[in-house]
Structure formats: structure tokens, C-alpha cells
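Student:
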Amino acid sequence: MVARSFDLAPAALATPKLTFAPLATTSSEVDFGVDAGTLDLPGLSSEEFTELERAVLTHHVVVVRGQRGLTPREQLELTRRFDPAALAYGHGHRPEIMQASVLVQDLVSIPDCPQVKLLGNGRVRDHEGIADVTLTHPSHHAFHRTPLTREREARGLTRFYRWHLDAALYELHPPRVTTLLALDVPEGPDQTVVYDDGSADELHVSLGTTAFVSGSKAFDTLSPTQKDFALRTRVRYAPHPYVWMRHARARANGLGLFSEGRELTRDELPVYDDDKVTTLPLVWKNPLTGRPSLQVHAYCVEELFVEDEPIGDLDECRRLLYELMRPAIAPARVYAHRWQPGDLVIFNNRGVWHSVVGALEPDARRVYHQCNLAASEAPRGVEGACRTS
Ligand SMILES: [Fe+2]
């Protein structure tokens, strides 16, 4: 690990009450992520919360330590402070849609607080009103077109699962933040993520890490021509996108899908309303810093438009997005969090992309609580670049 220094958040107060230190990482180009130490999150004053919010919008990933005692209700209330008008879970509360989607195995609702989800791996009993459930860590085995062989896995190699934003991308606006609380963290040797995309890229990570990259860095490193294209592009997501793509297969580096005609047809989809189909700018503007951020859920995209003109077919759209996005997941640009029990990661869902990593044995216990809320408003594009809806 290396100690890093970069410009920390401008203080909301003349005398800041919270302190933030850069997170340790061996990835040399990571310019985001801070450690807030231990905080009394339910007891944060409005001034302290404002500092925390500014840190999330500036540094994108904020780790708060020592939160094993944070209740689901307290986690929900904290998450809601970032968007007080938000009510519903980020993917909504329609069980028939979740059941039909690729997300069904990933999330279990806490009965008294359904906006908070239990996720992880292994058998969990008598937990927050849940009598008995067996969790399965989502892994590339069920999703990548060409998974790792068991022999390569036995040598400590693994994969990113799926680079994404947390968002329903139908009917509901993408959450502002996600909070992710580690209660139990699996123990085991570190692993090496292999990209298997024609590059020799690989990344050393802890078992069961969560990986993040910066959407601002993704935008900043585009060529001038690519920036101009990205700023003028709008993204239309498929209706019920996680149902639509549930049979599709992913690239080995977790960055998008192959186009093999596996997406559901319109007739095969649950009933949908054209008015609820989501169209968003490809580049979003950070509401605090004004920085542009390349923010797109490549798996759910059905069409791209430049000045209302569609750009090619689905395969061409995916190819264009892949070209724009691939540089951002270079090993030097990935922050892979080394979880400790009690870590609460608050991430700017409108400023980073993230991925589950690795595959766990059935008896490896990983217990997390996750919360995000469908936002009260859509993300804003960069003014003058394109329309935002
Ligand atoms: Fe996620």
C-alpha cells in the first residue's frame, strides 16, 4: 500500500468537525476515496452531515469504520439524509419484476426495513427478522460467456463480476448514494483479478473485495473527439432492463455484454409503459464540483442517440461504449476496498462505477447490508451538451 495525498474536500465549515484521510491503495492513478475513521452516524449534526455529504460528492467513496452496530433503520435514515424526498428502494418494490430479473439471487429484503437488503454468501439464520436464508455471492460463473476454469481459480485467479451503477433504469431515478455495510467478511488468501480481454492486465485484491472506478477520471482521460461525442450522446435503456438482459452473457473483464441475440423481445418482457423508459445523458454533472462524469450502465443500454439520431444497432452501441469505458478500468485506476468488519462504505453512485469481485465457496460467510433509494430527481447532464430527459 502507498500513502497518497490529494486535495481533500473543501470544508463546509470554517472549522471542520470531520477528518478524511486518503484510502490506501497500490493503484497509482486512483484519485478518489477517503477514510472518515469512526463516526457516530445516527448522531451526526446537520453541520457534520453536510461535511460528510461534501466528502461523498468530492471523493466518491467514503469509508466509515466501526459500524457493526448500525441498525438497518439507522442505515436507511442515514441513506435518506442524502436525498430526504426519496422513499423507495433503488430498484423499487415490485417482486414480480425482481423475480424475473438477473438480480433476483443477489438481494434479500430486511422485513422491517425493505429498503435495506441483505446480501453476501453462506447460510444466515435469525438475522434481522430473517429466519434462515442461504446467500450466494454473485460471481462471474453465472454471467461471463467464458468463465475461469476451476484450475485457474485454484491458482488464485478471479474476475470482476459486473461493472455497473446501482439503478433500476426504468421508472425510477438512479440513487444518489449507496451505503454498504460489512458485518461479516470472508477470510482467505488474496486473489488476482485477470481481465482476459486480450490485455495482460491483472489486479491484486483481497477476497470478496468491491472494486470502484471514477466516472470523472473516465471522462477526463477521453480524447477531445471522444469527449465531444460523449457530451452529445444520450442513452436509452431497455424497458425492465434487468429482465431484458437476463440471458445475455458478459465480457471477461465485466465491462458489458456480447451481442448474441439473447436479449428478450418486446413480447417476452413484462408489461411496460413507454413513458417510464429511461433516457439519460451519457455524461453527468457533479452537483457540487461541476465535474463531468461518464456514467452509464452498459449492460442495460439499448440505444444511443446523438442529437436525437440513433447510432447504429445494439452491437455498435456496445462497441462504442466499450471503447469509451475500457481505459477507466485499467488496474492503476481501480480502487479495490479491503473490507474490515464494521466498514460502512458510502459511495457516490453518480460519480463511480463499481463491481462485485471474485467467487466464494458455499461455506465462506459474507454478510452485508446495502441500501440505496430511487432519487427524487434525475441526474443532470452538462449544460449545453444535450437534453437531460
Ligand atoms: Fe451495485
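Sequential numbering from 1426 applies to the sequence shown in this note's numbering. Quick reminder that beta carbons are idealized off the backbone N, C-alpha and C, glycines included.
Could you please give me the residues that DSSP links to P1447 through a beta bridge?
Tutor: Counting from 1 along the sequence shown, the entry for residue 1447 is found at position 22. DSSP lists V1459 as partners of P1447.
Student: Select from L1628, R1657, V1489 the residue whose C-alpha is nearest the C-alpha of D1733.
Tutor: Stepping through the sequence shown from its first residue, residue 1733 is reached at position 308. Looking at the Cα atoms, R1657 is the closest of the given residues.
Student: For V1781, is the beta carbon positioned less than 8 Å from some heavy atom of ligand 1?
Tutor: Position 356 of the sequence shown, counting from 1, holds the residue named residue 1781. It does: the Cβ of V1781 is within 8 Å (strictly closer) of some heavy atom of ligand 1.
Student: Going straight from the alpha carbon of A1428 to that of A1449, what length do you get?
Tutor: For this step, residue 1428 is matched to residue 3 along the sequence shown. For this step, residue 1449 is matched to residue 24 along the sequence shown. Since pLDDT at A1428 reaches only 45, below the 50 mark, its modelled position is unreliable, and the value read off the structure follows with that caveat. If I take the Cα positions, the gap works out to 6 Å.
Student: DSSP puts D1609 in a beta bridge; with which residues?
Tutor: For the purposes of this step, residue 1609 is taken as residue 184 along the sequence shown, with counting starting at 1. V1792.
Student: Does at least one heavy atom of ligand 1 sit under 8 Å from the Cβ of T1504?
Tutor: For the purposes of this step, residue 1504 is taken as the residue at position 79 of the sequence shown. T1504: no, Cβ never under 8 Å from ligand 1.
Student: Buried or exposed: which applies to T1483, given that a residue is buried once 16 or more other Cβ atoms fall within 10 Å of its Cβ?
Tutor: By one-based count along the sequence shown, residue 1483 stands at place 58. Buried: at least 16 other Cβ atoms inside 10 Å.
Student: With H, G and I counted as helix, E and B as strand and the rest as coil, what does DSSP make of S1564?
Tutor: One-based indexing of the sequence shown puts residue 1564 at position 139. Residue state, collapsed to three classes: coil.
Student: Buried or exposed for K1701, going by 16 or more other Cβ atoms inside 10 Å?
Tutor: In the sequence shown, counting from the first residue as 1, residue 1701 sits at position 276. With fewer than 16 Cβ atoms within 10 Å of its Cβ, K1701 is classed as exposed.
Student: Could you work out which residue in D1551, D1692, A1761, T1444 is closest to Q1616 when comparing CA atoms only?
Tutor: As a first step, residue 1616 must be located in the sequence shown, where it is residue number 191. Answer by Cα proximity: A1761.
Student: Does DSSP classify E1685 as helix, strand or coil?
Tutor: Stepping through the sequence shown from its first residue, residue 1685 is reached at position 260. Here E1685 sits in coil by DSSP.
Student: Would you mind working out which of F1683, V1660, R1661, A1677 sits nearest R1671, comparing C-alpha positions?
Tutor: Taking the first residue of the sequence shown as position 1, residue 1671 is located at position 246. Of the listed residues, the one whose Cα sits closest to R1671 is F1683.
Student: Could you tell me which residues DSSP puts in a beta bridge with V1488?
Tutor: Reading the sequence shown from its first residue, position 63 is the one you call residue 1488. Looking at the DSSP assignment, V1488 forms a beta bridge with D1460, V1770.
Student: Let me check understanding here. Comparing Cα to Cα, which of E1802, L1713, V1807 lies closest to G1515?
Tutor: The sequence position of residue 1515 within the sequence shown is 90, counting from 1. Closest by alpha carbon: E1802.
Student: By alpha-carbon positions, which one of T1583, V1668, V1708, V1533 ends up nearest to D1692?
Tutor: Start at 1 with the first residue of the sequence shown, and residue 1692 comes out as number 267. Of the candidates T1583, V1668, V1708, V1533, the one whose C-alpha sits nearest the C-alpha of D1692 is V1668.
Student: Under the criterion of a Cβ to heavy atom distance below 8 Å, does T1559 qualify as lining ligand 1?
Tutor: Locating residue 1559 in the sequence shown gives position 134, where the first residue counts as 1. Flag unset: Cβ of T1559 not near ligand 1.
Student: Which residues mark the beginning and the end of the beta strand (DSSP E) in which T1704 is found?
Tutor: By one-based count along the sequence shown, residue 1704 stands at place 279. From DSSP, the beta strand (DSSP E) with T1704 extends over 1704-1706.
Student: Going by other Cβ atoms of all chains shown within 10 Å of its Cβ, with 16 needed for buried, is I1522 buried or exposed?
Tutor: Residue numbering aside, residue 1522 sits at position 97 when the sequence shown is read from its first letter. So I1522 counts as buried.
Student: For ligand 1, any of its heavy atoms closer than 8 Å to the Cβ of D1591?
Tutor: Position 166 of the sequence shown, counting from 1, holds the residue named residue 1591. Yes.
Student: Starting from W1669 and walking both ways along the alpha helix (DSSP H), at which residues does that stretch end?
Tutor: One-based indexing of the sequence shown puts residue 1669 at position 244. Note, W1669: alpha helix (DSSP H), 1666-1669.
Student: In angstroms, rounded to a whole number, what distance separates the CA positions of V1660 and G1491?
Tutor: In the sequence shown, counting from the first residue as 1, residue 1660 sits at position 235. In the sequence shown, counting from the first residue as 1, residue 1491 sits at position 66. C-alpha separation (whole angstroms): 39 Å.
Student: Between the Cα of V1594 and those of P1664, F1507, Q1765, spot the shortest distance and give me the residue it belongs to.
Tutor: Within the sequence shown, numbered from 1, the residue matching residue 1594 stands at position 169. According to the sequence displayed, residue 1594 carries Leu and not Val. When only C-alpha atoms are compared, the closest one is P1664.
Student: Is any beta-carbon of chain C found at less than 9 Å from that of S1452?
Tutor: No chain C appears in this structure, which consists of one protein chain only.
Student: Return yes when the C-beta of Y1604 is under 8 Å from any heavy atom of ligand 1, and no when it is not.
Tutor: One-based indexing of the sequence shown puts residue 1604 at position 179. Correcting the residue identity first, residue 1604 is Thr in this sequence and not Tyr. No, the Cβ of T1604 stays beyond 8 Å of every heavy atom of ligand 1.
Student: For A1592, I'd like the list of residues in its chain whose CB is within less than 7 Å of its CB, leaving aside the five on either flank, ordered along the chain.
Tutor: As a position in the sequence shown, residue 1592 is number 167, starting the count at 1. Answer for A1592: G1515, P1599, P1600, H1722, listed in chain order.
Student: L1705: which of R1775, V1782, N1678 sits nearest, CA to CA?
Tutor: Mapped onto the sequence shown, residue 1705 falls at position 280. L1705 has its Cα closest to that of R1775, out of R1775, V1782, N1678.
Student: Residues in the same chain with beta-carbon distance under 6 Å from P1735, minus the five sequence neighbours each way, listed in chain order, please.
Tutor: Along the sequence shown, read from residue 1 onward, the residue named residue 1735 stands at position 310. Closer than 6 Å at the Cβ level, and outside the excluded window around P1735, lie E1728.
Student: Check this for me: beta carbons of V1726 and A1655, under 9 Å apart or not?
Tutor: Start at 1 with the first residue of the sequence shown, and residue 1726 comes out as number 301. Start at 1 with the first residue of the sequence shown, and residue 1655 comes out as number 230. No, Cβ-Cβ distance for V1726 and A1655 is not below 9 Å.
Student: First and last residue of the beta strand (DSSP E) that includes C1538?
Tutor: Position 113 of the sequence shown holds residue 1538. Looking at the DSSP string, the run of the beta strand (DSSP E) that includes C1538 is 1538-1552.
Student: If we count the other Cβ atoms within 10 Å of its Cβ and call it buried at 16 or more, is L1788 buried or exposed?
Tutor: As a first step, residue 1788 must be located in the sequence shown, where it is residue number 363. Correcting the residue identity first, residue 1788 is Asp in this sequence and not Leu. D1788 comes out exposed.
Student: In this structure, does DSSP put S1801 in helix, strand or coil?
Tutor: By 1-based counting over the sequence shown, the position of residue 1801 is 376. In the structure shown, S1801 sits in coil (DSSP, three-state: anything other than H, G, I, E or B).
Student: Which term fits H1779, buried or exposed, when burial requires 16 or more other beta carbons within 10 angstroms of its beta carbon?
Tutor: In the sequence shown, residue 1779 corresponds to position 354, counting from 1. H1779 should be labelled buried.
Student: With three or more beta-carbon pairs closer than 8 Å as the criterion, would you say the region 1632-1644 touches the region 1459-1469?
Tutor: With the cut-off at 8 Å, the region 1632-1644 and the region 1459-1469 do not touch.
Student: Going by DSSP, which residues form a beta bridge with I1555?
Tutor: By 1-based counting over the sequence shown, the position of residue 1555 is 130. In DSSP, I1555 forms a bridge with H1552.
Student: Quickly, what does DSSP pair S1780 with across the bridge? List them, please.
Tutor: The residue given as residue 1780 occupies position 355 in the sequence shown. S1780 is bridged to A1636.
Student: Mapping the DSSP letters down to three states, classify Q1765 as helix, strand or coil.
Tutor: Position 340 of the sequence shown, counted from the start, is the residue given in the question as residue 1765. In the structure shown, Q1765 sits in coil (DSSP, three-state: anything other than H, G, I, E or B).
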